[in-house]
């Protein structure tokens, strides 16, 4: 087992990949990106080679410390346990529970319902409405929860795993033309986070596989 | 803030509620159940009273130690941090990552695509096929992953959070008439787990809100 640099299998536009890229940036972990294009060649995640790495045929996957981990939150929790500085989970168990509740609300309650493979099943004419409904349902709940947990960020005043889920999900909402005016807390926190360097360097518009016309 | 007994808002048939019931049983935590019937009265999870507790309008939610936590995995991680015995996450960080990867695969990659509210959207004539596709897609991946992580249970020989996700998901698969013969590892582990008392007392057929005709 070689140590070497961690390798992130990523797609510039994947919101789950972006979560992990933010964690890697915040923790100053040097890594290599191998782009997996979810559209090209019918989806490079379906190649035999990639399936051996992640049988779920999804990005992200992180090769690190001699093992390969799939599922963005499992990757972030692993990074937190093995590279604890700066922390992405508060020390207080109740606050940690709030961070994980918000993260899971997005990762299980919103994102899976509006991801590429589900939208394909739903059919082209229904895609936009379907995605908007899923996001609005989740954001309504999230806006309420944040009103009791948030400080400057999702839980208090320190950036946490919940924030790593929030920003990419808001970007998806904008892509699906969701009206964000009913969500002032979500919008405020999103804006504060986008001002931070780790959220900028990890942004879909600045990845090795970002097409030239989408770069910024 | 009163301490008192934890209160679990649960529905007998909800696979996410069952995950938490297994954790509570394994850790011998005494609790009270308040049933939330997801069908009756157009869905009791939509009542104003319940929405205040869990704005996601979903079960489970656990009132404990003066706070309320939604999202089953966030609840289980909280119980693990505050009531660590017996452990539901191994000590080794890589094995912990494997447990979380499997848990997230089920909790984000399978369950949300075949839950009640999505199946309603999909329409009655397509429900069964839709649910079967989602479960088969996830189980194909899971079967491969388990071939490298499993011992007696999902990760090695100790019961972990991954097992708490597996058994309720297999029950859903059976309810949706998924053919389990392509998944011998999943089936073997499921059978071993169902022999354990904590998986039996928490079973949907033995809850306070289980209808008489489904009791066993």
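Chains as they are written, first to last, in my numbering: chain C, 2 to 217; chain V, 2 to 217. No residue lacks a Cβ here, since even glycine has one placed at the ideal position from N, Cα and C. Being a predicted model, the structure only gives us computed values, none of them experimental.
DSSP three-state label for residue i, please.
i, result
"residue 69 of chain V", "strand"
"residue 89 of chain C", "coil"
"residue 178 of chain V", "coil"
"residue 78 of chain C", "helix"
"residue 205 of chain C", "helix"
"residue 217 of chain V", "coil"
"residue 39 of chain C", "coil"
"residue 194 of chain C", "helix"
"residue 64 of chain V", "strand"
"residue 18 of chain V", "helix"
"residue 157 of chain C", "strand"
"residue 200 of chain C", "helix"
Are residue i and residue j touching if we call contact CB-CB under 8 Å?
i, j, result
"residue 136 of chain C", "residue 173 of chain C", "yes"
"residue 46 of chain V", "residue 59 of chain V", "yes"
"residue 131 of chain C", "residue 143 of chain C", "no"
"residue 161 of chain V", "residue 100 of chain V", "yes"
"residue 27 of chain C", "residue 199 of chain C", "yes"
"residue 111 of chain V", "residue 56 of chain C", "no"
"residue 8 of chain C", "residue 84 of chain C", "no"
"residue 94 of chain V", "residue 79 of chain C", "yes"
"residue 114 of chain C", "residue 24 of chain C", "no"
"residue 152 of chain C", "residue 91 of chain C", "no"
"residue 133 of chain C", "residue 179 of chain C", "yes"
"residue 186 of chain C", "residue 128 of chain C", "no"
"residue 89 of chain V", "residue 77 of chain V", "yes"
"residue 98 of chain C", "residue 109 of chain V", "no"
Whose C-beta lies closer than 8 Å to the C-beta of residue i among residues of the same chain, with five residues either side of it excluded?
i, result
"residue 210 of chain C", "11, 12, 13, 34, 36 and 38"
"residue 86 of chain C", "28"
"residue 123 of chain V", "131"
"residue 154 of chain V", "160, 161, 163, 164, 190, 193 and 194"
At a CB-CB cut-off below 8 Å, which residues of chain C make contact with residue i?
i, result
"residue 79 of chain V", "94, 95, 97, 98 and 101"
"residue 119 of chain V", "114"
"residue 169 of chain V", "Correct list: empty, because the minimum Cβ distance to chain C is about 14 Å."
"residue 110 of chain V", "57, 59, 72 and 113"
"residue 106 of chain V", "57, 71 and 72"
So, for residue i: in the same chain, excluding its five sequence neighbours on each side, which residues have a beta-carbon less than 7 Å away from its beta-carbon?
i, result
"residue 169 of chain V", "16, 19 and 20"
"residue 206 of chain C", "215, 216 and 217"
"residue 106 of chain C", "139, 142 and 143"
"residue 104 of chain V", "74, 162, 163 and 166"
"residue 117 of chain V", "39"
Output needed for residue i: all residues of its chain with C-beta closer than 6 Å, excluding positions within five of it in sequence on either side, in chain order.
i, result
"residue 188 of chain C", "181"
"residue 71 of chain C", "55, 57 and 62"
"residue 96 of chain V", "156"
Residues of chain V with a CB under 8 Å from the CB of residue i: which are they?
i, result
"residue 161 of chain C", "What residue 161 of chain C touches in chain V: nothing, since even the nearest Cβ is about 13 Å away."
"residue 164 of chain C", "Within 8 Å Cβ-Cβ: nothing; residue 164 of chain C doesn't reach chain V, min ~16 Å."
"residue 194 of chain C", "By Cβ distance, chain V contributes nothing, its closest Cβ being about 21 Å from residue 194 of chain C, past 8 Å."
For a contact defined as C-beta to C-beta under 9 Å, what are the partners of residue i on chain C?
i, result
"residue 68 of chain V", "95, 98 and 99"
In chain V, which residues lie less than 7 Å from residue i when you measure between Cβ atoms?
i, result
"residue 146 of chain C", "56"
Just to make sure I have the definition right: I need the residues of chain C whose C-beta is within less than 7 Å of the C-beta of residue i. Which are they?
i, result
"residue 83 of chain V", "94"
"residue 75 of chain V", "98, 101, 102 and 105"
Run through chain V and tell me which residues come within less than 9 Å of residue i, C-beta to C-beta.
i, result
"residue 151 of chain C", "Correct list: empty, because the minimum Cβ distance to chain V is about 14 Å."
Exercise for the section: Can you give me, in chain order, the residues of the stretch 7-31 of chain V that have a beta carbon less than 7 Å from any beta carbon in chain C? Expected result: Hits within the stretch: zero.
Exercise for the section: Determine which residues of the stretch 169-185 of chain V have a Cβ less than 9 Å from any Cβ of chain C, and write them out in chain order. Expected result: Those would be none; no residue qualifies.
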